[in-house]
Structures are given as C-alpha cells and as structure tokens.
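Q:
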Amino acid sequence: MSSKLFDHWGGIITVKLQGARPEKIINMALARGIFLWDVKKEQDFMSFRIRSSGYDALKSLADEHAYSVEVLHRRGLPFMKSTIKRRLAFLGGALGFILALYILSSFVWFINVKGNERIDDKEILDAAQRYGVYQGAAKWNFSRSDAEEAILREIKDLTYIKIDIRGVKAHIEVVEKIIPGDEIKGPCNLLASQAGVIEEIIVLDGQARVKEGDAVAKGDLLISGLVIPEANPYMPPEASHTLNPYLVRARGIVKARVWIEGYGECSFYQESRVFTGRKEHRIYLDTPWNEFKIFGDDKIEFTLYQSSEKINIINTPWGCFQLSKVLLQEERLEKKQYTEDEARQIAEKKALEILQKKLDKSETISHPKIEVLSAPSESVMRVKAAVEIIREIAQTKPIKEGENGN
Numbered sequence: 001m002s003s004k005l006f007d008h009w010g011g012i013i014t015v016k017l018q019g020a021r022p023e024k025i026i027n028m029a030l031a032r033g034i035f036l037w038d039v040k041k042e043q044d045f046m047s048f049r050i051r052s053s054g055y056d057a058l059k060s061l062a063d064e065h066a067y068s069v070e071v072l073h074r075r076g077l078p079f080m081k082s083t084i085k086r087r088l089a090f091l092g093g094a095l096g097f098i099l100a101l102y103i104l105s106s107f108v109w110f111i112n113v114k115g116n117e118r119i120d121d122k123e124i125l126d127a128a129q130r131y132g133v134y135q136g137a138a139k140w141n142f143s144r145s146d147a148e149e150a151i152l153r154e155i156k157d158l159t160y161i162k163i164d165i166r167g168v169k170a171h172i173e174v175v176e177k178i179i180p181g182d183e184i185k186g187p188c189n190l191l192a193s194q195a196g197v198i199e200e201i202i203v204l205d206g207q208a209r210v211k212e213g214d215a216v217a218k219g220d221l222l223i224s225g226l227v228i229p230e231a232n233p234y235m236p237p238e239a240s241h242t243l244n245p246y247l248v249r250a251r252g253i254v255k256a257r258v259w260i261e262g263y264g265e266c267s268f269y270q271e272s273r274v275f276t277g278r279k280e281h282r283i284y285l286d287t288p289w290n291e292f293k294i295f296g297d298d299k300i301e302f303t304l305y306q307s308s309e310k311i312n313i314i315n316t317p318w319g320c321f322q323l324s325k326v327l328l329q330e331e332r333l334e335k336k337q338y339t340e341d342e343a344r345q346i347a348e349k350k351a352l353e354i355l356q357k358k359l360d361k362s363e364t365i366s367h368p369k370i371e372v373l374s375a376p377s378e379s380v381m382r383v384k385a386a387v388e389i390i391r392e393i394a395q396t397k398p399i400k401e402g403e404n405g406n
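As structure tokens, this is what we get:
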C-alpha cells in the first residue's frame, strides 16, 4: 500500500518500447536499477510501467541502442500539477468574475424616467442626483425613501414618485399634478376663434348676436354675456322701465363651416444627397485623466459624408467616463428631374400633410379641393389643398369692468 502511494506521489509512466529485441533494453534497465513492472509483450513492441524518476535514464538507454520509446499514459501527483494549476486558474478567474459582477451590481449604471409629460427628464434626473441617485452611485450610499421624499419637496409639480432599483437599473416613475385650466367664472362673451359660416347655434346662457347662415370673421361676437331684456307687449308700460341689462357668463354651442388650407411645393429639378453604403467608425473613450482613441483612423477618406454620434456617459466614484461611437456615412450628390405630374403629386402630398396637422384628432380630410398656384413657365410646382369642415368655433373672452359686452 505504501509502495503504491509512493509511486503515485512520485508519478507513474506507462511506456511503449519498440525495436528488434525490446527484452534487451528491459534487462539492461533492470541491471541499472531502473524499476519496471506490468511488462506486457505485444506483436512488435512491449509496454510496461516505470517511475517518472527513472524515465530519463530509460530514454537515454533506448536512444543509445536505437530503440523507440513512447509515453502512453502518465499518472500521479507530478502530472496533476499542471491540471490543478489550470483548474485553479479557471476557478480563480471564475471567482474573480463573480466578485467583479457582485461589485458592479452594487452600483447604479442606468436610470430611466417614465410618467412625466410636462416636466423634463433632465430636471428629474438632476434632482435625483442631488439626493444620491445617479449613474455610478453605490446602492448603499442612498436611501430610496429619503430620495423620493426630497424630490417631491423640490419639484412641486410632482404628486407621486417611486424609485425602483432592479439590478444595475434605477426606474423612476412619477405622476404629475393635474393643473386645472383657467376656467372663467365671471361674466364673459363667446367670440369666433376663426372665420366661417354659422351652421348651428345653441344658446345656453346669454344672447345670440349671430344666426345660422351668417358669415363671421375671427374675433366676431357670437353670444353676448350682456343680456338686454326685451319689453313684453302684454306688460304694462311702467313695468318695462324696471328691465335693466345684466351680465352673465355666456355659454352655448356655435358650429361653423370653415375652410382649412395647406400649401406644398416641389421643384422640377432637385439635387439630393444619398448614401453610397460606405461607412467608417470611430470609438473614443474620455476619462477623467485623458481621452483615448480606441478604434478608427484620424484621416477621413470621404469628401461628402454625414456624421452621427452616440454617447454613453457613466458617472462613477472615480469620475465621469464617456464612450463616444462616431459613424461616418459617405454621401454623393444625386440630381433628379421630375415631370409635371410627379412634381404635382409630391407638392400635393406635402400640402395634404400640412393640412392634416391643422386638423383636430377627431377631424379627417374628406374630398379635399386641390388648386395649382404656379404658372406653366415656373420651375416650381406650387399646390394648395383645402377642405371644408364643420367645427366648434366659440371661444371665451372675459368681460372686463367697464365693458358693455357688445
């Protein structure tokens, strides 16, 4: 048992000895004190085991007499050292990687904000940074509840905020205060917000100053907040003297037929820049100590190109790190000539797009009227698109003190 343990401690090699008379080498090895065992005779070679300490002597003896020695297998502690070293290196690397992940996961590297419409992301992020929540912030350096309360106190237009940390990401969810509109509670008139022809008028309070079919301009009085009572012919004359004008908050519905227009144009000869497909990339790393170029050449091979840059900024306890990725796309000038029909289609499309932007979400373009404005000799096709719709045109205007409401 102790002998086997000693052999494994020193290392065992299984050897293949090939030559004319391999027994000769074995006998010479035994005579020189080289210990061999498990000797097996094959067709043209012999195999046996030998201690690693005697292998060099056996190899020298075999080479001296022109015999071939081949190692079939190695076993024992000396031959496990390299394996153990490799596995220890792998284990150490794995532990180091896990430790690095753990350390990196203890910081906030990404922050996003959702739920805000009026308040800018930057205002929320700046406030969060002042209370410890920023890119590169250690999670143990801030309290979410304290940061939430502080941000609510600082940004008055917020009614709710929640900071949720998931891994290396911080999700900031906010709810903005609902600001009530400037509702007019005192006396007021209803004026036309735009020109049109009255289609429908319903007076809920006040006195109508227009009727269906009337053409009105922007700012014309539609429903007056000054009510002038009319004398009743069946009332006694002395009673009519007590009917005095009074002011009310004019209310009602006034719909008019209005024209909405859009303008578009297209040149018959156009020069545009198109991509050729060739690209160049640049990557730069800006650290608190210096700026480094990681990838790309300084010389730009393109004469005409478009440049775009994507920047990632990470704030760490050691400073701000900025990774910039620059994309250069080569362009070439392309000249194109449009026919009259093609130019008209493009100009008409632009006019309809502008027209659509002037409509409310509930309004659609139906049977638009297209009018060509340019002369045949002009180099530009100009088109006007117009559509007739019915919409509410009444807008409220307060009656100031001293005004009569007419």
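When we follow our numbering, the leftmost residue of the sequence shown carries the number 1, and every step to the right adds one. Note that the Cβ used here is the ideal one computed from N, Cα and C, for glycine as well.
1) Kindly indicate the opening and closing residues of the alpha helix (DSSP H) around G167.
2) Count the other CB atoms within 10 Å of the CB of F142; is the residue buried (16 or more) or exposed (fewer)?
3) Below 8 Å CB to CB, which residues in the same chain sit around E148 once its five sequence neighbours on both sides are set aside?
4) Give the secondary structure of K384 by DSSP, where H, G and I count as helix, E and B as strand, and everything else as coil.
5) For the 8 Å Cβ check, are there 3 or more pairs between the stretch 303–317 and the stretch 118–138?
6) Does DSSP put T83 in a helix, in a strand, or in coil?
7) Below 6 Å CB to CB, which residues in the same chain sit around E154 once its five sequence neighbours on both sides are set aside?
8) How would you label K384, buried or exposed, when you count the other beta carbons within 10 angstroms and need 16 or more for buried?
9) May I ask you to report which of helix, strand or coil DSSP gives P368?
10) Please check the pair I294 and Y284, which I expect to be a contact at CB under 8 Å, by giving their CB distance rounded to whole angstroms.
11) Taking P187 as the reference, which of I223, E173 and I201 has the closest Cα?
12) Mind checking whether I12 and R49 have CB atoms under 8 Å apart?
13) When the Cα atoms are used, what is the spatial distance from K114 to A150?
14) Over what stretch of residues does the beta strand (DSSP E) that includes E331 continue unbroken?
15) Mind checking which residues open and close the beta strand (DSSP E) that includes I354?
16) Beta-carbon separation of Y263 and A394 under 8 Å?
17) Touching or not, the stretch 197–215 and the stretch 246–263, by the rule of three or more beta carbon pairs under 8 Å?
18) My output table needs one value for I103: the three-state DSSP class, helix, strand or coil.
19) Taking the alpha helix (DSSP H) that N112 falls in, what are its first and last residues?
20) Tell me, to the nearest whole angstrom, how far the beta carbon of I228 is from that of P245; I am working on the premise that it is less than 8 Å.
21) So, are the CB atoms of L30 and Y67 less than 8 Å apart?
22) In the DSSP assignment, find the unbroken beta strand (DSSP E) run with Q395 in it and report its ends.
23) Specify, as a first and last residue, the run of the beta strand (DSSP E) that G196 falls within.
24) Return yes when the Cβ of P368 is within less than 8 Å of the Cβ of G319, no when it is not.
25) Skipping 5 residues on each side, what residues in its chain have a beta carbon closer than 7 Å to that of E388?
26) Give the list of continuous beta strand (DSSP E) stretches no shorter than 3 residues that lie fully inside the stretch 51–81.
27) For the beta strand (DSSP E) holding L17, just list the boundary residues, first then last.
28) If you follow the beta strand (DSSP E) that N189 is in, where does it begin and where does it stop?
29) Of the choices I165, L104 and T83, whose alpha-carbon is the least far from that of T112?
30) Identify every residue that forms a DSSP beta bridge with T316.
31) In this structure, how does DSSP classify L285 when only helix, strand and coil are distinguished?
32) Could you name the residues that DSSP lists as bridge partners for Y305?
33) Taking C-beta to C-beta, are E265 and V380 nearer than 8 Å?
34) Let me know if M1 comes out buried or exposed under the rule of 16 or more other beta-carbons within 10 Å of its beta-carbon.
A: Reading it off the structure:
1) Indexing the sequence shown from 1 puts residue 167 at position 167. Where G167 is concerned, there is no enclosing alpha helix (DSSP H), because DSSP gives it neither an H nor an E.
2) Numbered from its first residue, the sequence shown carries residue 142 at position 142. Flag for F142 reads buried.
3) Here the question's residue 148 lines up with position 148 in the sequence shown. Non-local beta-carbon contacts of E148 in its own chain, meaning distances under 8 Å to residues more than five positions away in sequence, involve I161, K162 and I163 in chain order.
4) By one-based count along the sequence shown, residue 384 stands at place 384. In the structure shown, K384 sits in a strand (DSSP, three-state: E or B).
5) The answer is yes - the stretch 118–138 touches the stretch 303–317, with three or more Cβ pairs under 8 Å.
6) The residue labelled residue 83 in the question sits at position 83 within the sequence shown. Three-state result, T83: helix.
7) Locating residue 154 in the sequence shown gives position 154, where the first residue counts as 1. Around E154: A127.
8) The residue you call residue 384 lines up with position 384 of the sequence shown. Looking at its Cβ environment, which holds 16 or more other Cβ atoms inside 10 Å, K384 is buried.
9) Along the sequence shown, one-based indexing puts residue 368 at 368. Three-state result, P368: coil.
10) Working through the sequence shown from its first residue, we reach residue 294 at position 294. Working through the sequence shown from its first residue, we reach residue 284 at position 284. Indeed they touch by this definition, with Cβ atoms about 7 Å apart.
11) Residue numbering aside, residue 187 sits at position 187 when the sequence shown is read from its first letter. Looking at the Cα atoms, I223 is the closest of the given residues.
12) Taking the first residue of the sequence shown as 1, we reach residue 12 at position 12. Taking the first residue of the sequence shown as 1, we reach residue 49 at position 49. Taking 8 Å as the Cβ cut-off, I12 and R49 qualify as a contacting pair.
13) Mapped onto the sequence shown, residue 114 falls at position 114. Mapped onto the sequence shown, residue 150 falls at position 150. K114 and A150: Cα-Cα distance of roughly 18 Å.
14) In the sequence shown, counting from the first residue as 1, residue 331 sits at position 331. Unbroken beta strand (DSSP E) run through E331: G319 to Q337.
15) Counting from 1 along the sequence shown, the entry for residue 354 is found at position 354. Unbroken run through I354 is the alpha helix (DSSP H), E340 to K357; no beta strand (DSSP E).
16) Start at 1 with the first residue of the sequence shown, and residue 263 comes out as number 263. Start at 1 with the first residue of the sequence shown, and residue 394 comes out as number 394. At least 8 Å separates the beta-carbon of Y263 from that of A394.
17) Yes: at least three Cβ pairs fall under 8 Å.
18) Numbered from its first residue, the sequence shown carries residue 103 at position 103. Helix at I103.
19) On the sequence shown, position 112 is the one that residue 112 refers to. Segment F110 to K114 is the beta strand (DSSP E) holding N112; no alpha helix (DSSP H) there.
20) Along the sequence shown, read from residue 1 onward, the residue named residue 228 stands at position 228. Along the sequence shown, read from residue 1 onward, the residue named residue 245 stands at position 245. Indeed, because the Cβ distance is near 5 Å, the residues count as touching under 8 Å.
21) Here residue 30 is taken as the residue at index 30 of the sequence shown, counted from 1. Here residue 67 is taken as the residue at index 67 of the sequence shown, counted from 1. The answer is no: Cβ separation not under 8 Å.
22) For the purposes of this step, residue 395 is identified with residue 395 of the sequence shown, where counting begins at 1. Start and end: A394 to P398.
23) Walking along the sequence shown from the start, residue 196 turns up at place 196. G196 to D205 is the extent of the beta strand (DSSP E) around G196.
24) Residue numbering aside, residue 319 sits at position 319 when the sequence shown is read from its first letter. Residue numbering aside, residue 368 sits at position 368 when the sequence shown is read from its first letter. For G319 and P368, no; Cβs fall outside 8 Å.
25) In the sequence shown, residue 388 corresponds to position 388, counting from 1. Counting only Cβ-Cβ distances below 7 Å, and skipping sequence neighbours, we find R257 and W259.
26) Secondary structure in the stretch 51–81: the beta strand (DSSP E) runs of 3 residues or longer, each lying completely within the stretch, are 68–75 in chain order.
27) Taking the first residue of the sequence shown as position 1, residue 17 is located at position 17. Here the beta strand (DSSP E) through L17 covers I12 to Q18.
28) Counted from its first residue, the sequence shown places residue 189 at position 189. Residue range C188 to A192 is occupied by the beta strand (DSSP E) that includes N189.
29) Reading the sequence shown from its first residue, position 112 is the one you call residue 112. It should be noted that the sequence gives Asn, not Thr, for residue 112. Of the candidates I165, L104 and T83, the one whose C-alpha sits nearest the C-alpha of N112 is I165.
30) The residue you call residue 316 lines up with position 316 of the sequence shown. G319, per the DSSP bridge assignment.
31) Locating residue 285 in the sequence shown gives position 285, counting from the first residue. For L285, the secondary structure class from DSSP, reduced to helix, strand or coil, is strand.
32) Numbered from its first residue, the sequence shown carries residue 305 at position 305. DSSP, once it has assigned bridges, lists E330 as partnering Y305.
33) The residue labelled residue 265 in the question sits at position 265 within the sequence shown. The residue labelled residue 380 in the question sits at position 380 within the sequence shown. The Cβ atoms of E265 and V380 sit closer than 8 Å to each other.
34) As a position in the sequence shown, residue 1 is number 1, starting the count at 1. A caution first: M1 carries a pLDDT of 42, below 50, which makes its placement in the model too unreliable to give a value.
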